[in-house]
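Contents: one structure, followed by commentary.
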Amino acid sequence: MDQPLVSVRDLKIGAKTDSGREVEIIKGVSFDIAPGEIVALIGESGSGKTTIALSLMGHARPGCAIHGGTIRVGRHEVTAMSERQRAAMRGTELSYVPQSAAAAFNPAKRIMDQVVEITAIHKLMPREQAEAKARALFRALALPDPDTIGHRYPHQVSGGQLQRLSAAMALIGDPALVIFDEPTTALDVTTQIEVLRAFRSVMDKGAMAGVYVSHDLAVVAQIADRIVVLKNGMVQEEGATEQILHAPKHPYTRQLLDAFEPVPHVPLDRPQAPEPILTVQDLCAGYGVMRDGVPAAKILHDVSFRLERGRNLGVIGESGSGKSTLARAIAGILPAYRGNLLLDGKELAPLLQQRSKDELRRVQIVFQLADTALNPAQSIETILARPLAFYHGMTGAARKARVIELLDMVRLPGHLRHRLPSELSGGQKQRVNLARALAAEPELILCDEITSALDTVVAAAILDLLKELQRDLNLSYMFISHDLSTVEAICDEVLVMLKGRVVEALPAARMSTDAAHPYSRLLIGSIPQLDTGWLKGLEQDPALIAQFAGR
Amino acid sequence: MLRSATTWILVGQRLGIALITLLIVSFAVFFATELLPGDVAEILLGQAATPEAVAGLRTAMGLDEPAIWRFLSWLGGLATGDLGMSYVNKMAVADLLSGRLMNTLRLAGIVTLVCVPVALALGIAAAMWRGSWLDRLVSVLTISVISVPEFMVATLAVLVFAVWLDWLPALSFGVDVDSLGDMLRAYAMPVISLSFVVSAQMIRMTRAAVIETINTPYVEMALLKGASRTRMVLRHALPNALGPIANAVALSLSYLVGGVIIVETVFNYPGVAKLMVDAVSTRDLPLIQSCAMIFCISYLALITLADMIAILSNPRLRR
């Protein structure tokens, strides 16, 4: 067998916490990468996948340090090199494609200057030659206007384009190994396909080796030859992509794969209530200065739907489709300027301040990021006690008992009430976020992407919890998500939104078969499948993509 | 670099805001000085003055007219360069001020020339080698300088350089300035004292602004492209830190016009700040108002300039 291009042996990386404690975050990881091979590092947040990928370049984020083991890349012993030697290697022998290209491009410099910077730093070629090479890469990556796109500033191109431009930036120095750090996670599904295709084609042509860091098995299945499954800084399983997908050995790998299995939602069998819990009629909302009762930036256009009591409505669409704005308009945070909202058949005022306390209580909203929705300076008890005092006037021992009860409802132990949000895990925080909404004893909960920031296994547990709560409390959910499988798992009806309009409403269970609108079909067809041939076999109508995809 | 039309609209708006602010400030200055206790006519005529004499003087000085009318005519005078007459010594305020203003501006100019390059270099260097001995030394020095009041620095400077070592003159004005060497000697101590106070803030703010941009993903990206530390900081971080740095520099420098009274007193330097304090003790309203307006204008000009640098350096407004 050939000498592997990269050998990592018993790698240990430590980090210093804010309190000064040393913790080991990578605990003895070993793997090899052969020349021309693409290896995926897969795992949930905190598994150490990005830390390992960066360590290949000899870089540890502030607070982290390589404590032991060896990393060999080509002829270099990365762990034994000086910072100057490592700098000489970065960009030429191995390079990096960041998670968020939008953040990784310097806003103050033109794209071309940043793409060819590697050739300037390492004095690889004259400027004209580098620019010509960059334009060739732009073409290979299927970027629009390859001859002029380099003259623009990063804020003048779209997210999907920036991500491909960052790949051009990584490839300009002809590296032997490219590290992709979750490069499509921040993109919409229809954009993701285009970017994955572009990556795939340049990697195949250049015969470069790659490290692909991701939490998404379906994406990885399209691009990697081999998969390394990580958890808590340790390798759980390593094997060829087909083997990992179809014959996983480690229970954790099976757990990851199980999270992909669609769990069909069984609607609760309850007598139909006479009135729908929520009726929305021709709702229009927007942002900006109001002129003649119409805002400067109109977001929602004539949205209408009904949500029956005890049922769940999914709202899907890509970023900018107006999903969150719809939730904000229903909650009254952003008052609708036209249209009607009926709660249980009764008219609901558009503005939060004009609604009665009881109306406020009956509709609760849960935000996407528990990290920012929970006050970091308040204990869980204080956070949960506030709605109890506001809506139900509870005090003292009764309130404390109710806080414990609420925590129990979201399957958290009662003693957690003394903790601060920062002392909880991501899944626990989202449960507290949910418990705060439950404290009001609502009838309708607006869930705005509440599982999107969570790892698949944790998100699946939250969905189970939502279903249990619905059975016990007769709740109705409006569930906003860009992830179609979670919507399928919990919703009865689905609204497909595009540019602030509902393009189609259909039953969730028959979403993939019944979708009639071309955009719904494009959206549903763009979700990566756990099948290594999916991307290659996928055929999409270019006219359709040009019309609807947000790039 | 090309600027889009929006950039120039923003710059125009900022200038407009500055003008409006100036108008409001002039209003505030005029009526605040009106509130000063004591009546000018009574003070000028002394305790033995008869009520008739006081009334006569008031009419002669125009103090009887409504305040808003006096404000408007004063404002008109300001706009045309006529700052009015001093109540106390019957000289044109413009003549009283011009010499003093030149002195103040000369001192401020020298301090700026000395301070800004040194402070920026130290601030950027401290950020670049964050956590190194240089960074720690700079941090300790700036904190000690900020915490020591300036009269202390000035007095110590006099004690050491003028009294013990006898290298420099204790008073910087009135010394015969024949050569460049003499001038350097005359200005050395006020410049040193002021530089201490002004540059400490600049160093700290520059360091913080640069460190903030160093912690962004695009600077990490530069590192992963193989860029050296100097390149990371000077090419990638610094252009994005220009706005906050310009503001920190402007805030520190604005102190040099109005806030230097202590240093002017210690070194007996006849600047505008000292003139204003003297004017307050003699209730010389036109002089007080003019001094206050000078402070406000210089402050506004510096802040507006800094804001415009921030607008012009904002890449999102570029074409």
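Those sequence lines, one after another, are chains A and B.
Residues 1 to 551 in the UniProt record's numbering are what the first sequence spells out, letter by letter.
Residues 1 to 319 in the UniProt record's numbering are what the second sequence spells out, letter by letter.
Backbone N, C-alpha and C define an ideal beta-carbon position, used for all residues, glycine too.
Next on the checklist: One question on the structure: do histidine 265 (chain A) and aspartate 492 (chain A) come within less than 8 Å of each other, judged by their Cβ atoms?
Outcome noted: As a first step, residue 265 (chain A) must be located in the first sequence, where it is residue number 265. As a first step, residue 492 (chain A) must be located in the first sequence, where it is residue number 492. Result yes, Cβ atoms of histidine 265 (chain A) and aspartate 492 (chain A) sit closer than 8 Å.
Checklist entry - Hey, is threonine 92 (chain A)'s beta-carbon within less than 8 Å of any beta-carbon in chain B? => result Indexing the first sequence from 1 puts residue 92 (chain A) at position 92. Closer than 8 Å to the CB of threonine 92 (chain A) there is at least one CB belonging to chain B.
Checklist entry - With 8 Å set as the bound, which would you pick, yes or no: does the beta-carbon of methionine 57 (chain A) sit closer than that to a beta-carbon of chain B? => result Here the question's residue 57 (chain A) lines up with position 57 in the first sequence. For methionine 57 (chain A), the nearest CB of chain B lies under 8 Å from its own CB, placing it at the interface with that chain.
Checklist entry - Between A:Glu423, A:Thr51, A:Leu522, which lies nearest to lysine 231 (chain A) when the distance is taken from Cα to Cα? => result Here residue 231 (chain A) is taken as the residue at index 231 of the first sequence, counted from 1. It is A:Thr51.
Next on the checklist: Report the start-end ranges of each beta strand (DSSP E) in the region 209-264 of chain A that is 3 residues or longer and not cut off at the edges.
Outcome noted: Secondary structure remark: continuous beta strand (DSSP E) runs of at least 3 residues inside the region 209-264 of chain A, in chain order: 209-214, 226-231, 234-240.
Next on the checklist: Just to make sure I have the definition right: I need the residues of chain B whose C-beta is within less than 7 Å of the C-beta of proline 183 (chain A). Which are they?
Outcome noted: As a first step, residue 183 (chain A) is located in the first sequence; it is residue number 183 there, counting from the start. What proline 183 (chain A) touches in chain B: nothing, since even the nearest Cβ is about 13 Å away.
Checklist entry - For isoleucine 410 (chain A), which of helix, strand or coil comes out of DSSP? => result Here residue 410 (chain A) refers to the residue found at position 410 of the first sequence. The question names isoleucine, but residue 410 (chain A) is valine in the sequence shown. Note: valine 410 (chain A) maps to coil in three-state DSSP.
Checklist entry - Near methionine 1 (chain A), what residues of its chain come up, given a Cβ to Cβ distance below 6 Å and the 5 sequence neighbours on each side ignored? => result Numbered from its first residue, the first sequence carries residue 1 (chain A) at position 1. Here the model assigns methionine 1 (chain A) a pLDDT of 49, short of 50, so the residue's position is not dependable, and the following value carries that caveat. When the five nearest sequence neighbours on each side are left out, no beta carbon in the same chain lies closer than 6 Å to the beta carbon of methionine 1 (chain A).
Next on the checklist: For threonine 216 (chain B) and alanine 208 (chain B), what's the separation of their Cα atoms in angstroms?
Outcome noted: The residue given as residue 216 (chain B) occupies position 216 in the second sequence. The residue given as residue 208 (chain B) occupies position 208 in the second sequence. Rounded to the nearest whole angstrom, the C-alpha separation of threonine 216 (chain B) and alanine 208 (chain B) is 13 Å.
Next on the checklist: One question on the structure: do glutamine 99 (chain A) and glutamate 182 (chain A) come within less than 8 Å of each other, judged by their Cβ atoms?
Outcome noted: The sequence position of residue 99 (chain A) within the first sequence is 99, counting from 1. The sequence position of residue 182 (chain A) within the first sequence is 182, counting from 1. It is a contact, given that the beta carbons lie within the stated cut-off.
Checklist entry - Between glycine 310 (chain A) and serine 476 (chain A), is the Cβ-Cβ spacing less than 8 Å? => result The sequence position of residue 310 (chain A) within the first sequence is 310, counting from 1. The sequence position of residue 476 (chain A) within the first sequence is 476, counting from 1. Taking 8 Å as the Cβ cut-off, glycine 310 (chain A) and serine 476 (chain A) qualify as a contacting pair.
Checklist entry - According to DSSP, what are the bridge partners of tyrosine 153 (chain A)? => result Here residue 153 (chain A) corresponds to residue number 153 of the first sequence, with the count starting at 1. None, per the DSSP bridge assignment.
Checklist entry - Shortest alpha-carbon distance to leucine 300 (chain A) belongs to which of A:Ile42, A:Val280, A:Val115? => result Counting from 1 along the first sequence, the entry for residue 300 (chain A) is found at position 300. It is A:Val280.
Checklist entry - How many Å lie between proline 244 (chain B) and methionine 205 (chain B) at the Cα? => result Your numbering for residue 244 (chain B) matches position 244 in the second sequence. Your numbering for residue 205 (chain B) matches position 205 in the second sequence. Their Cα atoms are separated by approximately 8 Å.
Next on the checklist: Considering only the alpha carbon of each residue, which of A:Ile380, A:Ser452, A:Leu217 lies closest to aspartate 483 (chain A)?
Outcome noted: For the purposes of this step, residue 483 (chain A) is identified with residue 483 of the first sequence, where counting begins at 1. It is A:Ser452.
Next on the checklist: Any beta carbon of chain B sitting closer than 8 Å to that of alanine 45 (chain A)?
Outcome noted: Taking the first sequence and counting its residues from 1, one reaches residue 45 (chain A) at position 45. Going by the sequence as given, residue 45 (chain A) is serine instead of alanine. Serine 45 (chain A) is outside the set of residues whose beta carbon lies under 8 Å from a beta carbon in chain B.
Next on the checklist: Using only CA atoms, which one of B:Phe267, B:Ala5, B:Trp74 lies nearest to arginine 185 (chain B)?
Outcome noted: Numbered from 1 along the second sequence, position 185 holds the residue referred to as residue 185 (chain B). Ranking B:Phe267, B:Ala5, B:Trp74 by CA distance to the CA of arginine 185 (chain B) puts B:Phe267 first.
Checklist entry - Leaving out the 5 sequence neighbours to the left and right, which residues in its chain are closer than 6 Å to glycine 69 (chain A) when beta-carbon positions are compared? => result Along the first sequence, read from residue 1 onward, the residue named residue 69 (chain A) stands at position 69. Result list for glycine 69 (chain A): Arg9, Asp10, Leu11, Lys12, in chain order.
Item to check | Environment of glycine 62 (chain B) [buried if 16+ CB atoms lie within 10 Å] | outcome: By one-based count along the second sequence, residue 62 (chain B) stands at place 62. So glycine 62 (chain B) counts as exposed.
Checklist entry - Roughly how many angstroms lie between the CA atoms of threonine 241 (chain A) and methionine 478 (chain A), to the nearest whole one? => result On the first sequence, residue 241 (chain A) is found 241 positions in, with the first residue counted as 1. On the first sequence, residue 478 (chain A) is found 478 positions in, with the first residue counted as 1. Taken atom to atom, the span from the alpha-carbon of threonine 241 (chain A) to that of methionine 478 (chain A) is near 37 Å.
Checklist entry - Based on Cα-Cα distance, which residue from A:Pro413, A:Met89, A:Ala136 lies nearest to proline 175 (chain A)? => result Stepping through the first sequence from its first residue, residue 175 (chain A) is reached at position 175. Checked all of A:Pro413, A:Met89, A:Ala136; the closest Cα to proline 175 (chain A) is A:Met89.
Item to check | 9 Å Cβ cut-off: residues of chain B touching tyrosine 287 (chain A) | outcome: As a position in the first sequence, residue 287 (chain A) is number 287, starting the count at 1. For tyrosine 287 (chain A), no chain B residue has a C-beta closer than 9 Å to its own C-beta; the minimum C-beta separation is roughly 19 Å.
Checklist entry - Thinking just about the alpha-carbon of each residue, which of A:His67, A:Ala273, A:His59 is nearest to the one in glutamate 83 (chain A)? => result Numbered from 1 along the first sequence, position 83 holds the residue referred to as residue 83 (chain A). Comparing Cα-Cα distances from glutamate 83 (chain A) to each of A:His67, A:Ala273, A:His59, the minimum goes to A:His59.
Checklist entry - Is leucine 101 (chain B) closer than 8 Å to isoleucine 297 (chain B) when the C-beta atoms are compared? => result Locating residue 297 (chain B) in the second sequence gives position 297, where the first residue counts as 1. Locating residue 101 (chain B) in the second sequence gives position 101, where the first residue counts as 1. No, the pair does not count as a contact, with Cβ atoms beyond the cut-off.
Checklist entry - Taking the beta strand (DSSP E) that isoleucine 445 (chain A) falls in, what are its first and last residues? => result In the first sequence, the residue the question calls residue 445 (chain A) occupies position 445. Taken as a continuous stretch (DSSP letters only), the beta strand (DSSP E) holding isoleucine 445 (chain A) covers 444-448.
Checklist entry - What in chain A is Cβ-close to proline 217 (chain B), meaning under 7 Å? => result Along the second sequence, one-based indexing puts residue 217 (chain B) at 217. The contacting residues are Pro98, Ser100, Ala103, Ala104.
Next on the checklist: Given this structure, state the Cα-to-Cα distance separating serine 34 (chain A) from tyrosine 218 (chain B), to the nearest angstrom.
Outcome noted: Translated into the one-based positions of the first sequence, residue 34 (chain A) becomes position 34. Translated into the one-based positions of the second sequence, residue 218 (chain B) becomes position 218. For the record, residue 34 (chain A) in the displayed sequence is alanine; it is not serine. Pairing alanine 34 (chain A) with tyrosine 218 (chain B), the inter-Cα distance amounts to about 30 Å.
Next on the checklist: So, at 7 Å on beta carbons, what are the nonlocal neighbours of aspartate 344 (chain A) in its own chain, with the 5 sequence-adjacent residues on each side left out?
Outcome noted: What you label residue 344 (chain A) is simply residue 344 of the first sequence in a count that begins at 1. Cβ within range, chain order: Glu275, Ile277.
Checklist entry - By how many angstroms is the C-alpha of glutamate 212 (chain B) removed from the C-alpha of isoleucine 333 (chain A)? => result Taking the first residue of the first sequence as 1, we reach residue 333 (chain A) at position 333. Taking the first residue of the second sequence as 1, we reach residue 212 (chain B) at position 212. Counting only the Cα atoms, glutamate 212 (chain B) lies some 33 Å from isoleucine 333 (chain A).
Checklist entry - Which runs of the alpha helix (DSSP H), 4 residues or longer, sit entirely within the region 483-509 of chain A? => result Fully enclosed alpha helix (DSSP H) runs of no fewer than 4 residues occupy 484-490 of the region 483-509 of chain A, in order along the chain.
Next on the checklist: Run through the DSSP bridge pairs and tell me what glutamate 77 (chain A) is partnered with.
Outcome noted: If you number the first sequence from 1, residue 77 (chain A) lands on position 77. Beta-bridge pairing links glutamate 77 (chain A) to A:Arg72.
Next on the checklist: Just to make sure I have the definition right: I need the residues of chain A whose C-beta is within less than 7 Å of the C-beta of arginine 204 (chain B). Which are they?
Outcome noted: Here the question's residue 204 (chain B) lines up with position 204 in the second sequence. Think of a sphere of 7 Å around the beta carbon of arginine 204 (chain B): no beta carbon from chain A falls inside it, the nearest being about 20 Å out.
Checklist entry - Considering only residues of the same chain and omitting the five flanking positions on each side of isoleucine 146 (chain B), which have a CB-CB separation below 6 Å? => result Your numbering for residue 146 (chain B) matches position 146 in the second sequence. Excluding residues within five positions, the ones whose Cβ falls inside 6 Å are Ala200.
Item to check | Residue-chain proximity (glycine 62 (chain B), chain A), Cβ-Cβ < 8 Å | outcome: Locating residue 62 (chain B) in the second sequence gives position 62, counting from the first residue. Nearest CB-CB separation between glycine 62 (chain B) and chain A: not below the 8 Å threshold.
Checklist entry - Based on Cα-Cα distance, which residue from B:Arg58, B:Trp74, B:Ile203 lies nearest to arginine 136 (chain B)? => result Position 136 of the second sequence, counting from 1, holds the residue named residue 136 (chain B). Distance check between arginine 136 (chain B) and each of B:Arg58, B:Trp74, B:Ile203 places B:Ile203 closest, using alpha-carbon atoms only.
Item to check | Nearest-angstrom Cβ-Cβ length linking arginine 164 (chain A) and leucine 141 (chain A), presumed shorter than 8 Å | outcome: For the purposes of this step, residue 164 (chain A) is taken as residue 164 along the first sequence, with counting starting at 1. For the purposes of this step, residue 141 (chain A) is taken as residue 141 along the first sequence, with counting starting at 1. Yes, they are in contact, since the Cβ atoms of arginine 164 (chain A) and leucine 141 (chain A) sit about 4 Å apart, within 8 Å.
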